[in-house]
Amino acid sequence: KEVFDSEMKLYELEAALAQYDFIRVSKNTICSLRKIKSLKSEVDRKIKITMENGYQIIASRMYADELRKKLGV
């Protein structure tokens, strides 16, 4: 329900949370797959993610394909 900043390096946080269905979606953001409300395709293969709490994130091209694969879309 909340957004957090962390002192940990993102790759460390990503590894620690991977078992809880978190995925990296950009150079500076990871998110919970369980809390995604909707996805919208954007220009240049990016994806706009809307979380259950209304927070919006852009999944970069570099990570969008992995997101699609994990979600089966």
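Take 115 as the starting number for the sequence shown in our numbering and just add one per residue. Where is the CB? At the ideal position from N, CA and C, for every residue including glycine. All values reported here derive from a predicted model rather than from experimental measurement.
task = Would you mind stating whether Ile150 and Ala178 have Cβ atoms separated by less than 8 Å?
result = No.
task = Could you have a look at Val139 and say whether DSSP puts it in helix, strand or coil?
result = Residue state, collapsed to three classes: strand.
message = For Ala132 and Arg159, I'd like the C-alpha separation in whole angstroms.
response = When rounded, the distance between both Cα atoms is 24 Å.
query = Which of helix, strand or coil does DSSP assign to Met122?
reply = Coil.
task = Report yes if the CB atom of Ser152 is closer than 8 Å to the CB atom of Ser174, and no otherwise.
result = Taking 8 Å as the cut-off, the beta carbon of Ser152 is found no closer than this to the beta carbon of Ser174.
inquiry  = For Ala185, count the other beta carbons within 10 Å of its own beta carbon; 16 or more makes it buried, fewer makes it exposed. Which is it?
reply    = This sequence places Leu at residue 185; Ala is not what is there. Leu185 is exposed by the Cβ-count criterion.
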